[in-house]
Amino acid sequence: MHDCIVWMANRDEPVNGKHSKLILDKHGNLFLSDAGHRVVWSTDIASSSSATYVGLHLLDSGNLILRSSGPRPRDDTVMWQSFDHPTNTLLPEQKFTRFTKLVSSRSSGNISSGYYNFYFDNDNVLRLLYSGPEVSSVYWPDPAVLPWESGRTTYNDSRVALLDPLGNFTSSDDWKFLASDYGEKLHRRLTLDVVGNVRLYSLLGSGAWAVSWQAIDTPCQVHGICGPNAICRYNASSGRSCYCAPGYERKNLSDWSQGCKPKFESFCKLPDPKTGEFIRFPQMEFYGYDEDDYPNYTLNQCQNKCLELCNCKGFKYKFQKDRSQHDCYPKLSLLNGRAWAADFGTIYFRLPKAILSSDQFQQESSTLNCSQRFEALGVLLVLCFVTGTRKMKDEARQGYHLAAIGFRRYTYVELRKATWNFREEIGRGAVGSVYRAILSGDRVAAVKRLNEMSLHGEEEFLAEVSTIGKLNHMNLIELWGYCAEGKHRLLVYEYVEHGSLAENLSKGTLDWGKRFDVAVGAARGLAYLHEECLEWVLHCDVKPQNILLDWNYQPKVADFGLSKLLNRGDIKHSSFSKIRGTRGYMAPEWVYNLSITSKVDVYSYGIVLLEMVTGRSPGRGVLDTSAGGETENRGLTSWVKQKMSGEVPTATRIEEIVDHSIEGGYDVKKVEVLVAVALQCVADDKDDRPTMSQVVEMLHRCTNEAEI
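In terms of numbering that gives the first Met the number 0, the sequence shown has 548 at position 549, counting the first letter as 1, and numbering is strictly consecutive.
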């Protein structure tokens, strides 16, 4: 059996086991003295004068009690119990109140009080708190979310919680959970671990403790886990890892909680404190400790604001989609750093030019995706700095340096096992098939297995994977990893619950509100590919099958691995060796062998809009009966143009073309705007088509007008 400490008396004042004493005196007080006879811990109680006996008992519940007894039944009382003084563990039937708290141990080998607390706060809500040497902060529930939004209530003053033997935890703030093995008669314990997570453990028949519930699924959400000036990264296969921010080094090689220290002198001590250059890290966050929030700032304005503050360590630059603008957050401290998620924004670290130009930094910077290359050697290298010749000119001029993101490199055996030997096919395209997979940590993924005819050499494949992986947007499917082993080429993507837009249109599951949201989200994703990422990216096969819908029916553009990657300075001189795309969605440029630009995606997007509005596929045509009774098979685009060019009222025209399977009705004004945008997008001359950013602007304007 794996023994487990569930309570400690003197965790912060250990004594010598040979010469210390635990004594129960005649007054009923239990105390511990060290070798010098100094009392280091005591129950600090005394029995009543009528008590004739005081005993120390360890109950089957795990409760250590001092019980007094006397000649009368009322003299039998519990004078003291360990259940009233928990340390890092709560046992079944042990009440947790406003007067108690759990405090983590310092480390797995050091049981003294650590930095994490589990307690009822003054709002009567159960919280997890990081209480470090310099700062403290609440990290669970999410401090950015109001209590009621996380299912809590502050309208209680009892502040009591209880875990029952069956694995049911209830709290006066309305928070509750059930163990995954609820109902079984098992020994259980709720422990605040050294890593700052509250976990419910169950004792198995083998004698091992198994986690049956935990408060936090992503370890990097825990504040202070890697210390100041450090970044936490979590991978389902390798777990949590910490590394120093660029320009910093570890303080203590055996203790990450102490974080990292700068390799350079503070800017405030320099003759010119308004100096420094910036290195750019996308999809990264340092929670809190902003000098202020500066809304609607340009990148240059944000950089200058940081340079004005000698104690500014860098800044976060984040696009706020609800306001369609970027906000600037200068950082006075680099705490609670973590990577990588699409909604984090971008961190720009401020460093002296000497650090960026040092030989060591340049050596670290010269290898792209080095984490993958060293993985085969068993070396965990989670961060690489990249300087290269393919930077945007404006970023190079401003002193930004791009950091590449490493991916999980899977073996073919791993992915074959995760897909049950590629058994459950969930999609098929021109370049390969997609299979449902269960990765380690029970993460559901979509594994795309490329056909042999589409294979590249490993170096070219890795270069493409690196480029795809830098593309991160809430409306793009996220790449988690890859496999490049022998002849096998596979890509591992996030899994989306509601399948493709094509499937949902055929099933009639999308109401008008969802369809409009899909139109806006897909436009945002394509606008990012065309104009916002570091390299121009053309999708070249925009169609409903390549727009996936997540659990909330939010769209994610997929399958842009076939896209043409263009240098921003050479967008007008692109060429393709063969026609790409799907019949019905392809722009005229493909047919007439004209120059291919981002406007081919705009055209395809316009066809998708028409399909969402009408419910008709562009490949089948539309049977249209004229006033003279003649029936003609028209293409979708020409049919919509003909219907919308009539002199009848708008509502009547919309009624004739709209998909009548839409449940709950539709907004005539929004449909009219969507059709107008679609017809602009499918203009024969590419110069007459809008850009995707202009499409986003038109759809946003329509939304705002509808809300007024």
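Quick reminder that beta carbons are idealized off the backbone N, C-alpha and C, glycines included. Bear in mind the structure is a predicted one, so any value in this text is a computation, not a measurement.
So Ile546 and Val612 are in contact, right, with Cβ under 8 Å, and what is the actual spacing, rounded?
Not quite, the Cβ-Cβ distance comes to about 15 Å (not below 8 Å), so this is no contact.
Assess, as a yes-or-no matter, whether the region 63 to 71 is touched by the region 146 to 166 under the definition of 3 or more beta carbon pairs within less than 8 Å.
no
Which of the three DSSP states, helix, strand or coil, is assigned to Ser256?
helix
Starting from Trp479, trace the beta strand (DSSP E) in both directions and tell me its first and last residue.
478 to 484
Note down the Cα distance separating Ile653 from Gln679, rounded to an integer number of angstroms.
17 Å
Please classify Glu276 as buried or exposed, where buried requires at least 16 other C-beta atoms within 10 Å of its C-beta.
buried
Quick one: using the 10 Å Cβ neighbour count with 16 as the cut-off for buried, is Ala207 buried or exposed?
Ala207 should be labelled exposed.
Suppose the cutoff is 6 Å on Cβ atoms and the five residues either side in sequence are ignored; what does the same chain contact list for Asp33 look like?
Val14, Ser19, Val39
Do you know whose CA, among Val495, Met473, Leu504, lies nearest Leu528's CA?
Met473
Using 8 Å as the threshold, is the region 657 to 675 in touch with the region 600 to 614, meaning 3 or more CB pairs across them?
Flag = yes, the region 657 to 675 and the region 600 to 614 touch.
Measure the alpha-carbon distance for Leu355 versus Gly583 and round it to whole angstroms.
Rounded to the nearest whole angstrom, the CA to CA distance from Leu355 to Gly583 is 51 Å.
What number of angstroms, rounded off, separates the C-alpha of Lys17 from the C-alpha of Gly35?
Using only the alpha carbons, I get a separation of about 12 Å.
Please classify Gln300 as buried or exposed, where buried requires at least 16 other C-beta atoms within 10 Å of its C-beta.
exposed
For Pro294, which three-state DSSP category applies?
strand
When DSSP builds the beta bridges, which residues end up paired with Ala436?
Ala444
Please report the straight-line C-alpha distance between Leu112 and Leu461, rounded to a whole angstrom.
The amino acid at residue 112 is misidentified as Leu; the sequence shows Ser. Taking the straight line joining both Cα atoms gives about 46 Å.
Does the distance between the C-beta of Arg688 and the nearest non-hydrogen atom of the ligand MG fall short of 8 Å?
The model depicted lacks the ligand MG and carries no ligand whatsoever.
Nearest CA to the CA of Asp156: which residue from Gly246, Asn167, Ser171, Gly150?
It is Ser171 whose Cα lies nearest to the Cα of Asp156.
In this structure, how does DSSP classify Ile661 when only helix, strand and coil are distinguished?
coil
Which two residues bound the contiguous beta strand (DSSP E) that contains Glu12?
In the DSSP annotation of this structure, Glu12 is not part of any beta strand (DSSP E), being labelled neither H nor E.
Could you tell me whether the Cβ atoms of Cys309 and Lys273 are closer together than 9 Å?
yes
Can you give me the C-alpha to C-alpha distance between Cys243 and Asp683, rounded to a whole angstrom?
53 Å
So who's on the other strand from Cys327, going by DSSP bridges?
Answer by DSSP bridge pairing, in chain order: Tyr293, Tyr316.
Is it the case that the Cβ atoms of Tyr552 and Val607 are separated by a distance below 9 Å?
no
In this structure, how does DSSP classify Glu148 when only helix, strand and coil are distinguished?
Assignment of Glu148 by DSSP, reduced to helix, strand and coil, places it in the helix class.
Since Leu58 contacts Leu29 with CB under 8 Å, what's their CB separation in whole angstroms?
Going by Cβ atoms, the distance from Leu58 to Leu29 rounds to 16 Å, so no, they are not a contact pair.
When burial is assigned at 16 or more other CB atoms within 10 Å of the CB, is Lys506 buried or exposed?
exposed
Taking 9 Å as the cut-off, decide whether the C-beta atoms of Tyr602 and Val681 are in contact.
yes
Short Cβ contact (9 Å threshold) for Gln597 with Thr702
Checking the sequence shown, residue 597 turns out to be Ser, not Gln. Not closer than 9 Å, so no.
Under the DSSP definition of a beta bridge, which residues are partnered with Asn62?
According to DSSP, which records beta bridges pairwise, Asn62 is partnered with nothing at all.
Should Thr99 go down as buried or exposed, given a rule of 16 or more other Cβ atoms within 10 Å for buried?
buried
Met283, DSSP secondary structure in three states
The answer is strand: DSSP assigns Met283 an E or B state.
On the DSSP letters alone, give me the boundaries of the alpha helix (DSSP H) that Gln93 sits inside.
Counting along the chain, Gln93 falls outside any alpha helix (DSSP H), and DSSP gives it neither H nor E.
Under three-state DSSP, which class holds Cys243?
Cys243: strand per DSSP, three-state reduction.
From the DSSP output, which residues share a beta bridge with Lys175?
Thr169
Which of the three DSSP states is assigned to Ser5 in this structure?
The residue you asked about is not Ser; residue 5 is Val in the sequence shown. Three-state result, Val5: coil.
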